[in-house]
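Going by the working numbering, the sequence shown opens with residue 20, and the numbers climb by one from there.
Structure first, then comments.
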Amino acid sequence: MRFIIALLLLVCSHLGFAQIKDPVQWKYNIVKKSADTYEVVITATLPKPWHIYSQNTPAGGPIPTSIVFKPNPLISLVGKPKEIGKLQTEHDKNFGVDVKHYANEVTFIQVVKVKGKVKTNINGVVEYMVCDDHQCLPPTKKNFTLALQ
Numbered sequence: 020m021r022f023i024i025a026l027l028l029l030v031c032s033h034l035g036f037a038q039i040k041d042p043v044q045w046k047y048n049i050v051k052k053s054a055d056t057y058e059v060v061i062t063a064t065l066p067k068p069w070h071i072y073s074q075n076t077p078a079g080g081p082i083p084t085s086i087v088f089k090p091n092p093l094i095s096l097v098g099k100p101k102e103i104g105k106l107q108t109e110h111d112k113n114f115g116v117d118v119k120h121y122a123n124e125v126t127f128i129q130v131v132k133v134k135g136k137v138k139t140n141i142n143g144v145v146e147y148m149v150c151d152d153h154q155c156l157p158p159t160k161k162n163f164t165l166a167l168q
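Take a look at the structure:
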């Protein structure tokens, strides 16, 4: 009987580790601004108590959010992605630096120009890390593809 109870406890303890999932929900949209200019709008929504780090997190801190667009000869990027949301800055004793992060929601906007009147796709990857008050999840990458028409 003790063996069965020990076996059940062992199995149940492994199930607890499998319960941690990515709490971030991502939405990807395209907004046409003119005949050749678009905005790639990427929104992250997080439940409490999770937060996601800014692209401008200092060295030595947690993994910053990054958005990398795959090269496409028909598209040129205008500047870098802008962040829209309630930016919070606080000293993180675990990393020993002031970190910048967003809770609840953050939107990243990248302006792109299309060369000529063509239909094409824009592809990229978002890499990010989320933490709460007690733990950080490993960095995660999400690929995306959006049509520019």
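From the three backbone atoms N, C-alpha and C, an ideal C-beta is built for every residue, glycine too.
How about residue i and residue j: are their beta carbons less than 8 Å apart?
i	j	result
Ile49	Leu165	yes
Val125	Ala78	no
Lys132	Thr76	no
Leu167	Ala122	no
Measure the alpha-carbon distance for residue i versus residue j and round it to whole angstroms.
i	j	result
Ala54	Glu102	24 Å
Thr139	Leu96	14 Å
Asp151	Gln74	18 Å
Pro42	Trp69	8 Å
Tyr72	Tyr47	18 Å
Lys134	Lys51	14 Å
Pro158	Glu109	20 Å
Glu146	Lys161	7 Å
Ile61	Gln154	25 Å
Pro169	Asn113	In the structure as shown, the chain begins at 20 and stops at 168. Residue 169 is therefore absent and cannot be evaluated.
Val59	His120	21 Å
Trp45	Gly98	22 Å
Ile141	Phe88	7 Å
Gly104	Phe127	9 Å
Leu156	Lys136	42 Å
Gly115	Ile94	40 Å
Drop a sphere of 10 angstroms on the beta-carbon of residue i, count the other beta-carbons inside from all chains shown, and report buried for 16 or more, exposed for fewer.
i	result
Gln129	buried
Leu106	exposed
Met148	buried
Pro90	exposed
Gly143	buried
Quickly, what does DSSP pair residue i with across the bridge? List them, please.
i	result
Trp45	Ala63
Thr84	Thr84 is not bridged to any residue.
Ser95	Lys132
Ile114	Strictly speaking, residue 114 in this sequence is Phe, with Ile absent from that position. DSSP, once it has assigned bridges, lists no residue as partnering Phe114.
His70	Ala122 and Cys150
Gln107	His120
So with Cβ pairs under 8 Å, would you call residue i a contact of chain D?
i	result
Phe114	The structure shown contains no chain D; it is built from a single protein chain.
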